Structure formats: structure tokens, C-alpha cells
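One structure is given here, and the rest of the page talks about it.
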Amino acid sequence: MPMSASPVEPQAATPERPDRTRYLYLAVIVAVLAGIAVGFVAPDLGTALKPLGTAFVALIKMMISPIIFCTIVLGVGSVAKAASVGKVGGLALVYFLVMSTVALAIGLLVGNLIDPGQGLQLTDELRKAAEAQAATGGESDTTEFLLGIIPTTLVSAFTEGQVLQTLLVALLAGFALQAMGPKAAPILAGIEHIQRLVFRILAMIMWAAPVGAFGAMAAVVGATGMDALKSLGLIMLGFYATCLVFVFVVLGPMLWSVARINMLALLNYLRREFLLILSTSSSESALPRLIAKMEHLGVSRPVAGITVPTGYSFNLDGTAIYLTMATLFVARATGAPLSIGEQFALLAFMMIASKGAAGVTGAGLATLASGLQSHRPELVDGVGLIVGIDRFMSEARALTNFAGNAVATVLVATWTGEFDRERAEAVLAGHDPFDETTLLDDDAPTPAKEREEAALQS
5 MPMSASPVEP QAATPERPDR TRYLYLAVIV AVLAGIAVGF VAPDLGTALK
55 PLGTAFVALI KMMISPIIFC TIVLGVGSVA KAASVGKVGG LALVYFLVMS
105 TVALAIGLLV GNLIDPGQGL QLTDELRKAA EAQAATGGES DTTEFLLGII
155 PTTLVSAFTE GQVLQTLLVA LLAGFALQAM GPKAAPILAG IEHIQRLVFR
205 ILAMIMWAAP VGAFGAMAAV VGATGMDALK SLGLIMLGFY ATCLVFVFVV
255 LGPMLWSVAR INMLALLNYL RREFLLILST SSSESALPRL IAKMEHLGVS
305 RPVAGITVPT GYSFNLDGTA IYLTMATLFV ARATGAPLSI GEQFALLAFM
355 MIASKGAAGV TGAGLATLAS GLQSHRPELV DGVGLIVGID RFMSEARALT
405 NFAGNAVATV LVATWTGEFD RERAEAVLAG HDPFDETTLL DDDAPTPAKE
455 REEAALQS
């Protein structure tokens, strides 16, 4: 009997391998601080470093389409009944619509209470900046948006980097594999190997995060400085406070009442993703990791694969709050405050226009400018007043959008019976750490095996 203890000791020694990714995220923090310092000391140099941040976000975006495709195809293709996928998608869209409305209402309430925008003056330079943003936003047309979900070809969704187009192609492929029955097992196995390759590439790209964070922060501080923060501090602080209220007063209690998950515990579990978003000002940079972490938390693969990418286009809570407060700010600053009726009409339009403005830096500002251009052209010039601090507000937008999508994924999984609460408790307690090297669970059952077992049982 005592001899049986000998083989256990080598296994106990293996987990002591140091987690090198811990140093990676410490390096990101140092890089952010260094970027801020460079931006203050040498603004021109800081602005010139912007391509570093842009390149890192571009590398992450390069991986989004293949990750979404593999995740959804494996998830949908292994589901026994197509109706369950439709149930997940329908429930998610209803939830997104309700929460976007709540976010708009909260932003509207706080915006009217603090009444920002008084005492600011619009210069010719700011007018030109506003015109540029309006041109970037383009025409906001609901029909064009819906038609834009259909890609030109089956593979163009991957080359153009459109999240909703990729989602559509992946769903079609998943349902086709589902209809093929046992014959789909080899294809699912092949896609699973591709998924592991894609996540391994993403893990490699993450080591460039400190460089990207340094360039992004140096550029924004170098271009903005502190002047804009002094004169526009009220709208910034009000927006940050509103986002915190939404996360902890609205989302937190809902998460606990439905899934019995503590909001602080979930945010702590996603702390590295929040740091990544904070340094790049883009929630899209953390989208692939959110899918992987939600699966690890106990959310089924179909729910994570459908809810997360869809939420990035339809569940932009932070952007909704921003649009309401920024609209009231611009109207007040330009001396043309909106009546309650005008506020509801304009913001209802913006709620539709914001769909598809995924977590990319500047998308919220472009949506704001194009929305005002369509409904109140005389207010467009006022967008220039907010350009200087939009980068800082963009961080709060992205963080709130990300938190909202994480909560939405857990809630939808719970409502559809696709959430393993016991596993979630173990993960959040630190007993089952996330594998940062592969971003996948090696011990999890594969869709191909699940399909084969289901076929044998039938």
C-alpha cells in the first residue's frame, strides 16, 4: 500500500511550472505607464508610436473570424436539435434589445441630471473635426445594415473581417454538418484541429500586447494632453459613473438572481481581458478570449459561440449610454437643447444605428456624428467638442460592452439550461485555472466524440 504513493509525487510536481503569462500582463501594466509618461514628456514621439497599437489590434482582429467560425461550427454541428440553437439566438436577441433600452434610459436620466456641456466654445478646428467624424460614420440605413450581413461570397466574410457575416456563414455550415449526421464527424474533427491551431496563434500574438499597449497609450496622451480633460471632466466623470452604476446596480443583481454568480468574482475572472481592453481601448481585442473563457467557465459551446459574437454587434450597453449622454452634451454645448420627445426619437434611431458598431475604437463617435447628421444636422459641429476626450470615454465604452456581453452569455446559458454552475464555482474559486497557453480545455469532450457517442446511442 505505501508503494502506491510513489507515482503520485511526479504528478504533483508538474503543476508547479511557472505561469509565464503572469509576467506578460505585468509587462502590459508597465507598458501602459511607460506610454503615458512618453506621451507627456514627448508628445510628438508619442503620437508617432500610434502604429504600434494599431498593429496589435489588427493582429487580434485578424484572428476573430476564424475563431468565431470554428467555435460556432463545432458548437452547432454537435447539437442534436437545430431548434435549440434557434432558442439560444432568439433569447439572446430579446435580452440584447431589453438591456440596450435600459442602458439608453439610464444614460438619458443621468445626462439630464448632470446637464453637461455648459460654458464650452466651438472653434473652427473643432468644427472640422466633427465634419471628419460625420464623414467616417457615413449614412446609417437599417436596410443596408441588414443586407450587409450577407457576404459577397462564402469566403469573403473571412477576408473582410465582418463579425456578423462570419456568424451567418458559420451557422449555415454548422446546420449543414448537423444535417449530415455521423458523416460529419471527420469534418468536425478537422475543424477542431484548426481551432486549436487558431487559438495557439492567438496565444502567440498576445505576447505582443505590451508593445501594442505602449504605442496606444503614448499616442493618445501625446495627442490629447491634459487640457481636454480639464475642460471636459464633467461629462467624462459622469459617463464613467453611469457605466459603473449600470454594471453593478443593473447587471450585478441580475447575474446573481439568475445564475447565483457574484459580479465581482466574474470581473476578477476576466481581469486580464479588462486590462487588455483598457490598454487598447477596444473590446474587440478580447473577443476571442471571452469565447474561450466562457466555455471554460461552464457555458456550453453553442451558447458561447452564438451569444458572444452576436452580443458584440447587438449588445453594446456602453455605447448606448455614451450615445445618450454625448447627444445631450452636444445639444447643450451648442445652445440647442433637445426636448424630451426629440431625445426619445433621436436615441431610438441611434439604438438601431449602433448595432454593428462593434468594439472598435472610434465607432461610437462615428455613430454619434452620423446619427446627428441624419436627424439634427445643426448639431453635428458640436461633436468636435467631444473628439478630444473620446479616446478616454472609448475605454469605458469598451469595458462596459465587454462586461455586458460576459453577463449576457452566462444569463442566456442559465435560461437555456446550458450552464454548469458547479464548474463555474470551481473556476471562480481558482480551483480550475484557465489554460493561458492553449486557451482551450484539453480534457473537455470534443464535438466529434460527442457526435460519435450520440450516433452509437441512437
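Using this note's numbering, you'd call the opening residue of the sequence shown number 5 and step up by one each time. Quick reminder that beta carbons are idealized off the backbone N, C-alpha and C, glycines included. Quick caveat, the model's predicted, so the values are computed rather than measured.
Would you list the residues sitting across from residue i in a DSSP beta bridge?
i, result
"Phe423", "Val303"
In its own chain, which residues sit with a C-beta less than 7 Å from the C-beta of residue i, not counting the 5 before and 5 after it?
i, result
"Cys74", "Ile195, Ile198, Gln199 and Val202"
"Leu37", "none"
"Pro257", "none"
"Pro341", "Ala335"
"Tyr244", "Ala400"
"Ala212", "Phe60 and Leu63"
"Ile191", "Leu181"
"Ala114", "Sequence check: residue 114 is Val here, not Ala. Counting only Cβ-Cβ distances below 7 Å, and skipping sequence neighbours, we find Gly242, Thr246 and Met329."
"Val303", "Thr413, Val414, Ala417, Glu422 and Phe423"
By alpha-carbon positions, which one of the options ends up nearest to residue i?
i, options, result
"Ile344", "Thr331, Thr338 and Val225", "Thr331"
"Met103", "Gly434, Ala433, Thr420 and Ala412", "Ala412"
"Leu175", "Thr156, Gly79 and Leu270", "Gly79"
"Thr418", "Leu95, Gln166 and Leu274", "Leu95"
"Gly43", "Gly226, Val34, Leu113 and Gln182", "Gly226"
"Leu301", "Ser287, Thr311 and Tyr273", "Tyr273"
"Met329", "Tyr99, Ile33, Thr156 and Phe348", "Phe348"
"Leu238", "Val303, Pro155, Phe333 and Leu101", "Phe333"
"Ala352", "Phe423, Ala107, Gly242 and Met210", "Ala107"
"Leu56", "Ile209, Ala217, Leu294 and Pro155", "Ala217"
"Thr314", "Pro155, Leu171 and Ala180", "Leu171"
"Phe252", "Val303, Leu150, Ile110 and Leu432", "Ile110"
"Thr420", "Thr58, Leu192, Gly90 and Ile154", "Gly90"
"Asn409", "Phe179, Leu181, Val312 and Leu270", "Val312"
"Leu327", "Leu112, Ile191 and Leu97", "Leu112"
"Lys54", "Tyr27, Met240, Ser283 and Thr163", "Ser283"
"Leu101", "Leu151, Asp436 and Asp321", "Asp321"
"Asp48", "Gly219, Pro155 and Gly178", "Gly219"
"Glu432", "Val303, Leu270, Arg276 and Gly178", "The sequence given here places Leu at residue 432; Glu does not occur at that position. Leu432 has its Cα closest to that of Leu270, out of Val303, Leu270, Arg276 and Gly178."
"Phe438", "Leu294, Gly152 and Phe423", "Leu294"
"Tyr316", "Val303, Pro381, Leu97 and Val114", "Leu97"
Who are the near neighbours of residue i in its chain, counting only those whose CB is closer than 6 Å to its CB and skipping five residues on each side?
i, result
"Gly309", "Thr75, Ile76 and Gly79"
"Ser289", "Val61, Ile64 and Leu280"
"Thr127", "Residue confidence is low: Thr127 scores 46 on pLDDT, short of 50, so the model does not pin down where it sits. No coordinate-derived value is stated."
"Ser287", "Ile281, Gly363, Ala402, Asn405 and Phe406"
"Pro214", "Ala31, Val32 and Ala35"
"Leu255", "Val411"
"Leu259", "Ile265, Met267 and Val411"
"Asp436", "Ala430"
"Ala177", "Val77"
"Ile209", "Leu63"
"Phe162", "Ser69"
Please return the same chain residues whose Cβ sits closer than 8 Å to the Cβ of residue i, not counting the five positions on each side in sequence.
i, result
"Ile40", "Met221, Ala222 and Val225"
"Tyr99", "Asn319, Ala412, Leu415 and Val416"
"Leu158", "Val173"
"Val92", "Pro306, Val307, Ile310, Thr311, Val416, Thr420 and Glu422"
"Ser160", "Gln169"
Start-end ranges of the alpha helix (DSSP H) lying completely within the segment 147–231, minimum 4 residues: Qualifying alpha helix (DSSP H) stretches, in chain order: 160–164, 167–184, 189–209 and 213–228.
Segment contact, 8 Å Cβ cut-off, at least three pairs: the segment 256–273 with the segment 427–440: The answer is yes - the segment 427–440 touches the segment 256–273, with three or more Cβ pairs under 8 Å.
At least 3 beta-carbon pairs within less than 8 Å: the segment 48–68 vs the segment 245–255: Here the segment 48–68 makes no contact with the segment 245–255; the two share fewer than three CB pairs at distances below 8 Å.
Validate contact between the segment 266–275 and the segment 111–119 using beta carbons, cut 8 Å, 3 pairs: Cβ pair count under 8 Å is below three, so no.
Cβ contact check for the segment 157–173 and the segment 186–195: 3 or more pairs under 8 Å: As far as the Cβ criterion goes, the segment 157–173 does not touch the segment 186–195, which means the pair count is below three.
Ranges of the alpha helix (DSSP H) found wholly within the segment 303–347, counting only runs of at least 4: Here the runs fully enclosed are 305–318 and 321–337.
Ranges of the alpha helix (DSSP H) found wholly within the segment 30–93, counting only runs of at least 4: Correct list: 47–52 and 54–81.
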